[in-house]
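*Asks:*
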Amino acid sequence: MVTQAFFELLKQFFKDPVTNRFPVTHAPSSIHGTLKAVEAGKAKINPPVEIPPGFRGKILYDRDACIGCQMCLKVCPSETIEYIKEDRKVKFYMSRCTFCALCTEICPKKCIRMSDTFIMANTDKYGEDMIVTDSGPFVEQEKKEKEKEEARKPSPPPEKKAPPKPAPKPQTKKKGPEPTPKEVQKEKVPGPAVGAPQNKEVPAKRAGTV
Ligand code: SF4
Ligand code: SF4
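In this text, residue positions in the sequence shown follow my numbering: the first is 22, and each later residue adds one.
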């Protein structure tokens with residue numbers, strides 16, 4: 022057990038990390054200085070790691086599809102969702118969200134989803150980016166997602182030509198079982214000579230003769 026844990030630990034030293042250094046490879050002394058350097062083209066931001074399927078990021082809300090049933094408000098553990106009585110719609114304060122996805126499960130119209138957006142750092146928690154009021158119809162979202170997926174797919178490899186079929190082998194006669202010595206002898210015995218008298222009766226052996 023201890024040996025197994027040790028080997029597992031050792032393996033981790035040689036594995037690539039599942040995260041990357043974000044936003045830049047070397048930790049900056051000042052984030053403002055780094056962002057300025059990025060703006061000036063002197064530093065490059067590392068791209069985030071690939072988002073795994075089922076990732077729970079920023080909320081998406083299809084306002085038109087919402088029927089104002091308030092089921093999402095009932096399950097939300099952090100009071101992220103506010104009900105707007107006049108419109109019979111809702112809005113989401115992302116600074117409070119725990120990304121539990123309970124609202125997406127309970128919604129009868131399936132008009133709440135979790136996106137793959139996770140960069141939400143903001144100095145104003147009530148800023149425009151931090152409140153979700155309408156993400157547009159999900160039909161549009163699905164279109165965009167499909168396009169993204171298609172773009173991510175690697176292009177198919179060129180079709181391989183089938184190798185030429187080998188020429189058929191000449192058929193050889195199947196070898197039967199080896200002939201017995203008796204059969205070999207029979208084959209050697211010559212038939213009656215041409216012109217020899219046919220049906221010559223062989224005289225029966227007389228009784229008593231040797
Ligand atoms: S994901 Fe969870 S915390 Fe966030 S709005 Fe939905 S129910 Fe509330
Ligand atoms: S559960 Fe869905 S339909 Fe009901 S209010 Fe919330 S978002 Fe709208």
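Virtual Cβ for every residue (Gly too), placed ideally from N, Cα, C.
1. In this structure, does DSSP put Lys169 in helix, strand or coil?
2. Go through its chain and collect everything with a Cβ distance to Gly229's Cβ below 7 Å, but skip five positions before and after it.
3. Taking 8 Å as the threshold, find out whether the segment 126-143 comes into contact with the segment 88-99 through three or more Cβ pairs.
4. With 8 Å as the threshold, decide whether the Cβ of Thr40 is near any Cβ in chain B.
5. Given Val39, which residues of its chain have a CB within under 8 Å of its CB, disregarding the five upstream and five downstream residues?
6. For the alpha helix (DSSP H) containing Val23, name the first residue and the last one.
7. For Phe28 and Asn41, what's the separation of their Cα atoms in angstroms?
8. Given the structure, does Ser130 come close to ligand 2, in the sense that its CB is under 7 Å from one of the ligand's heavy atoms?
9. Which stretch, first to last residue, makes up the beta strand (DSSP E) that contains Val39?
10. Rounded to the nearest angstrom, what separates Pro158 and Lys36 at their Cα positions?
11. Near Leu123, what residues of its chain come up, given a Cβ to Cβ distance below 6 Å and the 5 sequence neighbours on each side ignored?
12. Taking the alpha carbon of Lys146 as the reference point, which residue from Lys169, Phe113 and Ala172 has its own alpha carbon closest?
13. If you measure between the beta carbons of Asp83 and Ser176, is that distance less than 8 Å?
14. With distances taken Cα to Cα, identify the nearest neighbour of Gly75 among Pro178, Met135, Ala58 and Val160.
15. In the structure shown, what three-state DSSP assignment does Phe113 receive?
16. Once the 5 residues before and after Cys93 are set aside, which same chain residues still bring their CB inside 7 Å of it?
*Replies:* Looking at the coordinates:
1. The answer is helix: DSSP assigns Lys169 an H, G or I state.
2. Low per-residue confidence applies at Gly229: pLDDT is 43, beneath 50, and the placement is therefore not dependable enough to give any value.
3. yes
4. In summary, chain B is missing from the structure at hand, where a single protein chain is found.
5. Val70
6. Val23 to Phe35
7. 24 Å
8. Residue identity check: residue 130 is Lys in the sequence provided, not Ser. Yes; taking the cut-off as 7 Å, the Cβ of Lys130 has a heavy atom of ligand 2 nearer than that.
9. First-last for Val39: undefined, no H or E at that position.
10. 42 Å
11. If we look at Leu123 and ignore the five residues flanking it on each side, its Cβ neighbours are Val96.
12. Phe113
13. no
14. Ranking Pro178, Met135, Ala58 and Val160 by CA distance to the CA of Gly75 puts Met135 first.
15. strand
16. Ile102, Val111, Cys124, Ile127, Cys128 and Ile133
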